[in-house]
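Asker:
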Amino acid sequence: MVKQIIKKISKGARFNQIYLQKNEGIGFEPGKNVVISPLENIIVKEPSVFEYNVKLESLKKEIVKLVFKIVDSCGHYDNIIITGSFLDEGFNFEDIDIIVINPVSMEEDKLKNSIEENIGINPHIIPIDSESFNRGIKRDPLFRLMVDKYVSIKRAIFRKDREINYKLLDIYLLKNKNLIEGYDLFSIKQRKKLLRDFISIKLFSENREVTIKNIEKEINRLFGKDIIESLFYYGNNEEKHKFIAKLKKEFDKLEKYILENVPKQA
């Protein structure tokens, strides 16, 4: 990415001048040749939006483009990836998950505030280097789920080889136990996420591909079709007890399998 800075020309006693702050000087060292052009002569190129397993509504696509522009103005990066529930159909969204690959000279708080002020959505910004991101996809079921559906500013190709780390899966599993022990304390959105994460861990540990489609199939297989709508939204008490009992049974089976394999990796 070629860095561009918009500045006003100041009139000096002998020479007109352009001043850069220290944190703006990366790539513009003293003595370096640069091109100066009137701003009205520059055609501002719209950021590209590459969609993977998703077709954005026009409003969301415009929001994504604006996010890309804001991130682009805040520093250097290799790629920007937007994932999570923001990409789901409909316009009932409160937050947006933004992964910035290999960020350089980027202030996370400044970026977050700029997105909130300009778009009015709460951003979850995940700055990460490409090595850690690819390692996450390799060994983390929740990372794999993230890249099953996303949009990015550049084309992205992810390796899908896997490395099962049972200690990591055990840590994740403990978090999902909360859905069994404190079901009524969670919102519908939180219940859906905890259930989805549990099924992601289950699929990954069974060497099955972690995709949104596979998660939906497994939920329907284990708990019955349309369980999320009938249970989470309508709150049938009898169905709730059946669901929690079935979830506990599946949880105990998976926990036993993971714990049996943890010592083998120690």
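Residues in the sequence shown are numbered consecutively from 1071, following the working numbering.
Quick reminder that beta carbons are idealized off the backbone N, C-alpha and C, glycines included.
With distances taken between CB atoms, is the gap from PRO1211 to ILE1271 smaller than 8 Å?
Answerer: Yes, Cβ-Cβ distance for PRO1211 and ILE1271 is below 8 Å.
Asker: By the 10 Å Cβ neighbour count, where 16 or more other Cβ atoms means buried, how is VAL1104 classified, buried or exposed?
Answerer: By the 10 Å Cβ count, VAL1104 comes out exposed.
Asker: Return the residue from the list ASN1188, ILE1189 and CYS1144 that minimises the CA-CA distance to SER1175.
Answerer: When only C-alpha atoms are compared, the closest one is CYS1144.
Asker: Pick helix, strand or coil for ILE1289, following the three-state DSSP scheme.
Answerer: In this structure, ILE1289 counts as helix in the three-state DSSP scheme.
Asker: So for ASP1158, helix, strand or coil by DSSP?
Answerer: Of the three classes helix, strand and coil, the one that applies to ASP1158 here is coil, per DSSP.
Asker: State the start and end residues of the unbroken beta strand (DSSP E) segment that holds ASN1149.
Answerer: Residues 1149-1153.
Asker: Any idea what DSSP makes of ILE1112, helix, strand or coil?
Answerer: With a pLDDT of only 47 at ILE1112, under the threshold of 50, the placement of this residue in the model should not be trusted; the figure read from the coordinates follows. Residue state, collapsed to three classes: coil.
Asker: Opposite VAL1137 in the DSSP bridges: which residues?
Answerer: Answer by DSSP bridge pairing: none, since VAL1137 is not bridged.
Asker: Name, in chain order, the residues that DSSP records as bridge partners for VAL1221.
Answerer: The partner list for VAL1221 (beta bridge, DSSP) reads GLU1121 and ILE1152.
Asker: Does the stretch 1159-1173 come into contact with the stretch 1134-1150, if we say contact requires no fewer than three beta-carbon pairs (one atom in each stretch) closer than 8 Å?
Answerer: Touching, yes.
Asker: Smallest Cα separation from LEU1238: which of GLY1206, LYS1319, ILE1196 and ASP1179?
Answerer: Residue GLY1206 is the option with its Cα nearest to LEU1238.
Asker: Taking the CB atoms as reference points, tell me whether TYR1253 and ILE1189 lie closer together than 8 Å.
Answerer: Cβ distance not < 8 Å, so TYR1253 and ILE1189 don't count as in contact.
Asker: Under three-state DSSP, which class holds LYS1245?
Answerer: In the structure shown, LYS1245 sits in a helix (DSSP, three-state: H, G or I).
Asker: Based on Cα-Cα distance, which residue from ILE1166, ILE1185, LYS1102 and ASP1240 lies nearest to MET1216?
Answerer: Cα-wise, what sits closest to MET1216 is ILE1166.
Asker: Which of the three DSSP states, helix, strand or coil, is assigned to LYS1182?
Answerer: Residue state, collapsed to three classes: helix.
Asker: One question on the structure: do VAL1280 and ARG1214 come within less than 8 Å of each other, judged by their Cβ atoms?
Answerer: Yes, the Cβ-Cβ distance between VAL1280 and ARG1214 is below 8 Å.
Asker: For ASP1231 and GLU1276, I'd like the C-alpha separation in whole angstroms.
Answerer: Cα to Cα, ASP1231 sits roughly 14 Å from GLU1276.
Asker: Roughly how many whole angstroms lie between the Cα atoms of PHE1120 and GLU1308?
Answerer: One C-alpha to the other measures close to 45 Å.
Asker: Rank GLY1294, ARG1278, LEU1126 and SER1202 by C-alpha distance to the C-alpha of SER1155 and give the top, closest one.
Answerer: Looking at the Cα atoms, LEU1126 is the closest of the given residues.
Asker: Applying the criterion that 16 or more other CB atoms from any shown protein chain within 10 Å of the CB defines a buried residue, is LEU1329 buried or exposed?
Answerer: Classification for LEU1329: exposed.
Asker: Mind checking which residues open and close the alpha helix (DSSP H) that includes ILE1269?
Answerer: Counting along the chain, the alpha helix (DSSP H) containing ILE1269 begins and ends at 1258-1275.
Asker: Residues in the same chain with beta-carbon distance under 8 Å from VAL1332, minus the five sequence neighbours each way, listed in chain order, please.
Answerer: Excluding residues within five positions, the ones whose Cβ falls inside 8 Å are TYR1236, LYS1237 and ASP1240.
Asker: Among ILE1234, PHE1293 and ARG1261, which residue has its Cα nearest to the Cα of LEU1273?
Answerer: Out of ILE1234, PHE1293 and ARG1261, ILE1234 has the C-alpha closest to the C-alpha of LEU1273.
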